[in-house]
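Chains B and S are the protein sequences, given in the same order. For the first sequence, position 142 matches number 979 in the working numbering, and the numbering has no gaps at all. For the second sequence, position 14 matches number 19 in the working numbering, and the numbering has no gaps at all. The beta carbon of each residue, even a glycine, is placed where N, CA and C say it ideally should be. What follows is a set of notes on a single structure, which appears directly below.
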Amino acid sequence: MFPEFFPARAIRQAIDGFVDHLVTDYASTLEAMARPLLNLLIWIEQVLRDSPWWAVTLVVIAIAWAVSRRIGFSIAMGALLCVIGMLGLWDAGMQTLALMIVATGVSVVIGIPMGILMARVDWLRQVMLPVLDVMQTMPSFVYLIPVVMLFGLGKIPAIISTVIYAVPPLIRLTDLGIRLVDREVLEASRAFGASTRQQLFGVQLPLALPNIMAGVNQTTMMALSMVVIASMIGARGLGHEVLLGINRLEVGRGLMAGLGIVALAVLFDRITQSYGQRQRARIGGQR
Amino acid sequence: MSKIEVRNIYKIFGPQPKKWMDAVKGGMSKEELLSRSGHTLGLRDISLSIEEGSIFVVMGLSGSGKSTLIRHFNRLIEPSGGQILVDGVDVVSLSPRDLETFRQRKMSMVFQRFGLFPHHTVLENAAYGLAVQGVDRAVREEKARHWLDQVGLNGFEAQYPHQLSGGMQQRVGLARALATDAEILLMDEAFSALDPLIRREMQDQLLRLQAKLNKTIVFITHDLDEALRLGNRIAILKDGELIQEGTPEDILLNPANDYVQAFLQDVNRSRVLNAAHAVRDEPRFTLTMRSRPSHALERLQSLKYDYAPVLDGKRLAGVLTLSSVQQAIREGARDVSAYVEDIASVPATTGLDEVLGRLLRSDQPLAVTGEQEEFIGWLSRRKVVELVVPPVVEPEVSAEANEVAAPAVETVS
């Protein structure tokens, strides 16, 4: 037997008690706070599902063109979206797309400021690095349970757990990108009397943008890999189809839905990557 | 009052510089500080005063603290101790907000690796200082265009920095620094990353601009030739300490120690030193056109000179030799004016390389004249040779140099 250093069982119970306490006292408050987010998600989902398929495809083509300025690439992206429809998964695909958009949006809103802070405040970086490691390696079910207890089954806990899992690379790469900005270029901006805000928005963020976009790309990929788990706690969409396939031992259904997820992944990946590449090409000379 | 006054600046790099300040002030060496505390001594007790409108060169090898020093002027680096007065205001005591204004208005900076913003066009780069100040786009772009034109970059406004060559990128850097109309220009090894031809061209351009603008320029370099070419005054740093400070001539003629001496070995001395440095040390004796021949003869004989310069007003008119004075006396002339012979002369600012060429072509005495053609003195052949050939040489070589010079010296003096 391993000697007991501290009462592990007591700690376990204390945590249980704490979560219970949270759930009984604050669950409704938290749910109310998450309400706007839920409304946003539902609204996006409605828009995507109610719009005709060709309208959504056209918007995707337009976005792809806006970030890459390549016609062939944009049409290929549109075609990829149509593949999901052809697999008979349009509706589920749109639900997943909405979840992805909101999860990515929340990740960006949390991740980029966090990354900026980490690049500026050294002690915060020391604290955050191990925390990020834990967020990425902790099995997601561990935090899925308390999140579901607090928010109930549904879309909100799905988004929260997806964000917890997907936000670390964005934070890391924002921090890295800002730290990698050429020291002399930043010095030049300081030497001309730029304020902290002017340095950040005029020099550091624009030059870190390729790295930040790589972070966004990573985040979307990781968020997509969470959709199946998210479907277990009530998020519908492609993940739900995969789950049904598993439960009913329908290999075909699972495979089709899996392919649909892959198609969405490729779509997100290529679009975010080509945006980053264009920024990099513009900055040019910088390594 | 000088434009920039640096007083007893110390810089210690490390987590607790304050704790070790007293030890460093007490004379602890750089090595001892590093081994005892893990702190690096950046600068020790640097005091300089930089005159308005001059080019002040700080020179030293890498690790000598020169880049650290220049970053103290606009406080990109905070000093551990000391004061920096610019127009009488202590930069070290400025609040963050005042410091921003100070950087915007008083000083601009040019960087070794250019420090251009890769995501901005050449025009936006040149206008950056004004953009930071909040100047309207139209106004700042017009100004930026003007300065880009001044540095010869007309037509490149819409390009991005990485599309330009190194020399052109540094011109953008220079235009950006000039566009804010700051009175002080800090140049951190500004031309060191450029190849020699371009570097020379940029130095010329800087000197041309400076003749027009009359800014106070602090120029950092590790290249003594560059320092001597640009600097009105030069400070030499080594291991964070000021070794010598003076005019280029001071440094060349009176190196403070072996370290400076070693620097001077490879320098093209004849380009920095000029005719004025090689004037003979002897009693100055001049005649005028009105001098009486008997008086002239008497003076020449008493000083044992074979000839003497004759002035017309302040201007050098020519030379009177002993034989022509004697002739004048024989012919009973009233003054020496009719017996004055033409004399070769060089302006005092002529580089010694050119002077050397003239000396080799003729063995006639050579007069050194000032700006209004006034007589400064005779050129000494011995001095020219001594100045051009570095003093620390093998004994045989200097003996040989003396031999070459000896006959020439005899014929003139």
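In this model, S/V345 and S/V315 are separated by some 7 Å (Cα to Cα). Using a CB distance cut-off of 8 Å, B/I898 does not count as an interface residue toward chain S.
Cα atoms of B/L954 and B/L874: separation of roughly 24 Å, rounded to the nearest angstrom. Taking a beta-carbon distance threshold of 8 Å, B/L1013 does not count as an interface residue toward chain S. In the structure shown, S/Y133 adopts helical secondary structure according to DSSP, grouped into three states. Distances from the CA of B/G952 to each of B/W890, B/V920, B/L1017 were compared; the closest alpha carbon is that of B/L1017.
When CB distances to chain S are screened at a threshold of 8 Å, the residues of the stretch 1009 to 1034 of chain B falling below it are D1019, E1021, V1022, E1024, A1025, S1026, R1027, A1028, F1029, G1030, A1031, S1032, in chain order.
Taking the Cβ atoms as the reference, B/L895 lies roughly 15 Å from B/M931, outside the contact range of under 8 Å. With contacts defined as CB atoms closer than 8 Å, B/A1100 and B/L934 fail to qualify as a contacting pair. The C-beta of B/P1047 comes no closer than 8 Å to any C-beta of chain S. Relative to S/I381, the option among S/L305, S/A283, S/S367, S/S307 whose CA is nearest is S/A283. Pairing S/V360 with S/A280 gives a Cβ-Cβ distance under 8 Å.
Under a 10 Å Cβ-count criterion, B/P967 is classified as exposed, with fewer than 16 other Cβ atoms of the shown protein chains found around its own Cβ. For B/A1060, the enclosing alpha helix (DSSP H) begins and ends at 1042 to 1062. With 16 or more other Cβ atoms from the protein chains shown falling within 10 Å of its own Cβ, S/Y15 counts as buried. By the 16-neighbour rule on beta-carbons within 10 angstroms, S/E36 is exposed.
For the stretch 221 to 240 of chain S, the set of positions with a beta-carbon nearer than 8 Å to some beta-carbon of chain B is empty. Within the DSSP secondary-structure output, S/R49 pairs in a beta bridge with S/E246.
Taken in chain order, the complete alpha helix (DSSP H) segments of 4 residues or longer contained in the stretch 285 to 363 of chain S are 298 to 308, 327 to 335.
By the criterion of a C-beta distance shorter than 7 Å, S/R102 is surrounded by no residue of its chain, once the five residues flanking it on both sides are discounted. Shown here is that no member of the stretch 914 to 941 of chain B has a Cβ falling below 9 Å from a Cβ of chain S. Listed along the chain, the chain S residues whose CB falls inside 7 Å of the CB of B/R1119 are H124.
Using a C-beta cut-off of 8 Å, the stretch 60 to 72 of chain S makes no contact with the stretch 162 to 174 of chain S, since fewer than three inter-stretch Cβ pairs fall below that distance.
Going by DSSP, S/D193 is part of the beta strand (DSSP E) stretching over 189 to 193. Identification of residues in the stretch 68 to 88 of chain S having a C-beta nearer than 7 Å to some C-beta of chain B yields N79, L81, given in sequence order.
Interface residue (Cβ-Cβ distance to chain S less than 8 Å): B/L1104 is not classified as such. S/I222 has S/I60, S/L190 as its beta-bridge partners, per DSSP.
B/L990 sits exposed, since fewer than 16 C-beta atoms from the chains shown fall within 10 Å of its C-beta.
With respect to chain B, the C-beta atom of S/M192 has no partner C-beta closer than 8 Å. At a cut-off of 8 Å between beta-carbon atoms, B/P889 makes no contact with chain S. The alpha-carbon separation between S/Q266 and S/L53 amounts to approximately 21 Å.
Within the stretch 1044 to 1070 of chain B, L1044 place their CB atoms closer than 8 Å to a CB of chain S, listed in sequence order.
In the DSSP assignment, S/Q88 falls outside any alpha helix (DSSP H) and lies within the beta strand (DSSP E) extending over 86 to 91. The residues I14, Y15, K16, G70, T73, L74, G245, in chain order, have a CB closer than 7 Å to that of S/L48 in the same chain once the five nearest residues on each side in sequence are set aside. Per the DSSP secondary-structure output, S/E10 pairs in a beta bridge with S/S54, S/L90. In the displayed model, S/R110 falls within a helix according to three-state DSSP.
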